[in-house]
Amino acid sequence: MTGRGAHQARIRSSNLSHHPLVAIVDDDPGVSGSIASLLRSAGLASERFSYGGDLVDRGALAEFCCVISDLHMEGMDGKALQLELIRLGWAGPFIVITAFPNDSEREQMMSKGAYAFVTKPIDPDGFLDLVEKAVG
Amino acid sequence: MGIGAGPDDWRIAMRLGMAMLLALGIFALDVLSPLQGAVAVLYVVVILLVAREQRRSLVVFFAVLCATMAMAGYLVSHGLDAIGSPTMRLGVSLVAIAITAALSARQITAAEARHHSDERYRLIFDASGFPIWESDWSPAYKLLRAGETPTLELVQRAGSAAIIRNANQEVARLFGYADRSELVGANIIEHHTISAEAAQARIFERLLRGDVPIEEEMQFRTTSGELIDVVLRVTLPQDHNGWSRVLVTALDVTQRNRDQARLAESQAELTHMSRVTTLGQLAASIAHEVNQPLSAIITYAKSGQRWLKREAQDAPETADCLDHIVINGKRAADVIARIRDLARNGDPRREAVRMAPLIEETAELLQRDMIASGVRINVALATDMPSVLGDHVQLQQVLLNLMMNAQQAMASTPTPDRELRIDGGVRDGVLVVEVSDCGAGFGDTEPEDFFRPFFTTKRDGMGMGLSICRSIIEQHGGKLTASGNEKGGASFTFRLPITEDEGRIAA
Chain Z
1 MTGRGAHQAR IRSSNLSHHP LVAIVDDDPG VSGSIASLLR SAGLASERFS YGGDLVDRGA
61 LAEFCCVISD LHMEGMDGKA LQLELIRLGW AGPFIVITAF PNDSEREQMM SKGAYAFVTK
121 PIDPDGFLDL VEKAVG
Chain C
1001 MGIGAGPDDW RIAMRLGMAM LLALGIFALD VLSPLQGAVA VLYVVVILLV AREQRRSLVV
1061 FFAVLCATMA MAGYLVSHGL DAIGSPTMRL GVSLVAIAIT AALSARQITA AEARHHSDER
1121 YRLIFDASGF PIWESDWSPA YKLLRAGETP TLELVQRAGS AAIIRNANQE VARLFGYADR
1181 SELVGANIIE HHTISAEAAQ ARIFERLLRG DVPIEEEMQF RTTSGELIDV VLRVTLPQDH
1241 NGWSRVLVTA LDVTQRNRDQ ARLAESQAEL THMSRVTTLG QLAASIAHEV NQPLSAIITY
1301 AKSGQRWLKR EAQDAPETAD CLDHIVINGK RAADVIARIR DLARNGDPRR EAVRMAPLIE
1361 ETAELLQRDM IASGVRINVA LATDMPSVLG DHVQLQQVLL NLMMNAQQAM ASTPTPDREL
1421 RIDGGVRDGV LVVEVSDCGA GFGDTEPEDF FRPFFTTKRD GMGMGLSICR SIIEQHGGKL
1481 TASGNEKGGA SFTFRLPITE DEGRIAA
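In order, the protein sequences belong to chains Z and C. For the first sequence, the positions run 1 to 136 when the numbering used here is used. For the second sequence, the positions run 1001 to 1507 when the numbering used here is used.
Encoded structure:
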């Protein structure tokens, strides 16, 4: 299901190839799927990844105008992904979403230039505003 | 002794002089008297007098002297006459002198042996380092023999009549006296507590049955009013003579009992803390797990509302349903948030935690349990183990959990192989601690599955332990992972960021 969902998202995104893409990185397909649907409803195309490493491996980071990433994941977690993107020279808005907020991690990631640190469950209206503002 | 002659030496010299005079008197009587009797037999008195000095050499010396004098007297009176009745009398006298001397010498030897044994006994008594005293409990013996039962009332009556015959300095120290002389001739009834009297009654009862040696723990009150816990051991010597000589040794166990109580207290505290933390973590863990699908539900419902406006504006019932899904989803999220706040009440502390002592302390805590299940703990920590920023109790809980898991994982491992290793050090700038067992490892299961909530391999396990451990480590900004090890067992490794204060702490 996840694979097909991601595939569909990619097809859609290719239809809207002139639009900038939002990357959603979360190992919970329910979370990433719901955010993708929400963004689509506002005309924002997105691509979903289960792991931070998948996004990095995909390459062509310049296509993404925004990255929404979970904090705690297997392998490359949100923090490591943020650092890796900085290292690769990607400088777009990085939005952290987490069901396990913690002050020191919030401070750490914000100081490294994260755009926002959002606690799950997200407030969809507020979140959409946030992403639209980030995408510009 | 040598040069400065004390009054004793004078007395001895005087007594010996008297004996000498007596010998001379007997000699004179023997030579000068016309009596046809065995006067020389009287030398026996001289030897008996000398024997009172308890010195074998003196007895031998005087025996030889007296025999010589007897023979000299014979020669003076009778010359070298033919053997006759005077010769017989001399012979009888000499035999009497010899026998008396021999008996005296033997008595002296026996007395010396007894003296040595008494000395040894006194030395043991005085220098044992344990409180020892010898009591006269004959009043109690008489009362009990007369058919009385060992009640508290009897203990009080008999106790006040009992007398301490002898006590070493340790007894004085135990009860708070300056010197043991204060105890000799007294009794210890004023040091009794209720528990001591009850124990004393039991001692009487068992003593009466001949059930020796007896050990009883009881409490005494010292002269300063302090309560002390003492184990008494009561023995009856063979010649106790109706309990008039009872040997009592005491072992002061006050400190031991206090330490035990403190240990039990801190263990109970730890268990309680651990339970509270577990509950808190359980709530936090559930909140975490539930928030994920809740987030999806609310977002999907909200997204659905937006799509509905675009795709089917004339579906008011569906829109209403989606509204209610959002409202109820948020309600559920509020409940979860409240639980999480509650869990956070025992807010994890953020302080520099020194890992090396924490690991050693935790290993120490489990040591007894591990020994009981035949597990050896092997702790190998780098000398430069740094501190981490976090909550001491939570991190200890992780260690306890991992170590207890390791212990249980080796339940079916042959006992000689049951080794639990804890390795600690710094790798790539983070603190790494690895807890390894020699159990059966993960088998076909993915190590990662062990961290899923409610995953368990134990019959009575809830499957939250590792999930909670992981969330604690993640809250500390670290990672907890599992892997198989070269011994076929499982290794759990956590990595924690080193506190930035480390430099300052070390400085």
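Idealized CB from N, CA, C, for every residue including glycine.
Around the beta carbon of Z/T98, 16 or more other beta carbons sit within 10 angstroms, so the residue counts as buried. Per the DSSP secondary-structure output, Z/C66 pairs in a beta bridge with Z/V22. C/T1249 carries a strand assignment under DSSP once its states are collapsed to helix, strand and coil.
DSSP, reduced to helix, strand and coil, places C/N1257 within a helical segment of the structure shown.
Residues of the segment 89-111 of chain Z that bring their beta carbon within less than 7 Å of a beta carbon in chain C comprise A99, F100, N102, S104 and E105, in sequence order. Under the Cβ distance rule, Z/G33 counts among the residues neighbouring chain C, one pair being separated by less than 9 Å. Taken atom to atom, the span from the alpha-carbon of C/S1373 to that of C/A1411 is near 8 Å. If you ignore the 5 residues before and after C/I1472, its C-beta comes within less than 6 Å of the C-beta of Q1394 and V1398, all in its own chain and listed in chain order.
The beta carbon of C/S1467 sits closer than 7 Å to the beta carbons of S1285, F1451, R1452 and P1453 from its chain, once the five residues preceding and following it are set aside; these are given in chain order. Three or more pairs of CB atoms, one per stretch, sit closer than 8 Å, so the segment 1127-1138 of chain C contacts the segment 1239-1246 of chain C.
If you look at Z/G33, you'll find it isn't in any beta strand (DSSP E); it sits in the alpha helix (DSSP H) that goes P29 to S41. For Z/D57, the enclosing alpha helix (DSSP H) stretches over residues G52 to R58. The contact set of C/R1306 on chain Z, defined by CB atoms closer than 8 Å, consists of L38, S41 and A42 in chain order. With fewer than 16 other Cβ atoms from the protein chains shown falling within 10 Å of its own Cβ, C/H1115 counts as exposed.
Boundaries of the alpha helix (DSSP H) harbouring C/S1467: G1465 to Q1475, taken from the DSSP string. At a C-beta separation below 8 Å, C/G1477 has these neighbours in chain Z: N102, S104, E105 and Q108. DSSP places C/L1322 within a helical segment (H, G or I) once states are collapsed to three. Every unbroken stretch of the beta strand (DSSP E) spanning 3 or more residues and falling wholly within the segment 1378-1426 of chain C is given here in chain order: 1387-1390. Residue state for C/L1042 is assigned as helix, using DSSP reduced to three classes. Judged by their CB atoms, C/G1176 and C/T1223 are nearer to each other than the 9 Å cut-off. Around the CB of Z/S37, 16 or more other CB atoms lie within 10 Å, so the residue is classed as buried. Looking at the backbone, the Cα of C/E1226 and that of C/T1254 are separated by about 11 Å. Close to chain Z, meaning a Cβ-Cβ distance shorter than 9 Å, are the following residues of the segment 1289-1306 of chain C: E1289, V1290, N1291, Q1292, P1293, L1294, S1295, A1296, I1297, I1298, T1299, Y1300, A1301, K1302, S1303, G1304, Q1305 and R1306.
With fewer than three CB-CB distances shorter than 8 Å, the segment 103-118 of chain Z does not count as touching the segment 45-60 of chain Z. Under the criterion of beta carbons closer than 8 Å, C/F1027 and C/M1069 qualify as touching, at roughly 5 Å.
Listed by position along chain Z, the residues whose Cβ is nearer than 8 Å to that of C/A1333 are P121. Going by DSSP, C/T1481 is part of the beta strand (DSSP E) stretching over K1479 to G1484.
At a cut-off of 9 Å between C-beta atoms, C/G1329 counts as an interface residue with respect to chain Z. The three-state reading of DSSP puts C/D1081 in coil, since its state is none of H, G, I, E or B.
When DSSP states are grouped into helix, strand and coil, Z/V118 belongs to the strand group. Look at C/L1389: its C-beta is under 9 Å from a C-beta on chain Z. Within the DSSP bridge table, the entry for C/L1496 names C/L1431 as partners. For C/A1287, the nearest beta carbon of chain Z is closer than 9 Å to its own beta carbon.
DSSP places C/T1362 in the uninterrupted alpha helix (DSSP H) bounded by M1355 to A1372. Taking 9 Å as the cut-off, the Cβ atoms of C/A1296 and Z/D28 count as close.
Taking C-alpha positions only, C/S1436 is separated from Z/R40 by approximately 48 Å.
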